[in-house]
Amino acid sequence: MHKGLQLGGAIGASSSVLLALAGPRGFRFVKRLVQITALTSTAGMATGVGGAVKKISSLPESEQQDGIEDRAFRIFHNRKQNLVDRYSCVGVGMGMIGGTVVCGLSLSGLIGGAGLGAAAAIGVVIAKNKTASQK
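To get this note's numbering, take the position in the sequence shown, counting from 1, and add 4.
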């Protein structure tokens, strides 16, 4: 589900370019961006969960538990993925606070803020890695 939130947040954040060209300005722009990201983040989470269920159900029953454990082991030991996830957890928390400030205590404010926070965190990790590789 976390990966779906990250994907949906990135898609929602990228919609800011289109929204900036054709949409509202100022505070209304930020509020609309949070609302759009809430939709894309929800779709991303649903797609992630649906894909995982489909993958697990396609395995023979005797291999389902091994498939889950193998995937969890590979993710757990992927250093860069763990870095992205740690930054993303902080970004999600900060984004939820920001989304609540912009949209009030609503589901779209929480989910949209979380998605934007996750996308921002991914951007920070990418920028950090590019800076470190240039040294």
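Every residue gets a Cβ at the ideal spot worked out from N, C-alpha and C, and that includes glycine.
Nothing here was measured: the structure is a model prediction, and the numbers come from that model.
Mapping the DSSP letters down to three states, classify residue i as helix, strand or coil.
{"i": "residue 112", "result": "helix"}
{"i": "residue 98", "result": "helix"}
{"i": "residue 43", "result": "helix"}
{"i": "residue 36", "result": "helix"}
{"i": "residue 49", "result": "helix"}
{"i": "residue 63", "result": "coil"}
{"i": "residue 16", "result": "helix"}
Would you decide whether residue i is buried or exposed? Buried here means 16 or more other CB atoms lie within 10 Å of its CB.
{"i": "residue 130", "result": "exposed"}
{"i": "residue 112", "result": "buried"}
{"i": "residue 137", "result": "exposed"}
{"i": "residue 59", "result": "exposed"}
{"i": "residue 88", "result": "buried"}
{"i": "residue 50", "result": "exposed"}
Check whether the Cβ atoms of residue i and residue j lie closer than 7 Å to each other.
{"i": "residue 40", "j": "residue 16", "result": "yes"}
{"i": "residue 42", "j": "residue 116", "result": "yes"}
{"i": "residue 10", "j": "residue 92", "result": "yes"}
{"i": "residue 5", "j": "residue 52", "result": "yes"}
{"i": "residue 27", "j": "residue 36", "result": "yes"}
{"i": "residue 48", "j": "residue 8", "result": "yes"}
{"i": "residue 141", "j": "residue 38", "result": "Residue 141 is absent from the structure shown; the chain starts at 5 and stops at 139."}
{"i": "residue 45", "j": "residue 119", "result": "yes"}
Going by alpha carbons, who is nearest to residue i out of the options?
{"i": "residue 121", "options": "90, 81, 132", "result": "90"}
{"i": "residue 128", "options": "105, 94, 100, 103", "result": "94"}
{"i": "residue 72", "options": "83, 56, 32", "result": "56"}
{"i": "residue 84", "options": "32, 18, 133", "result": "133"}
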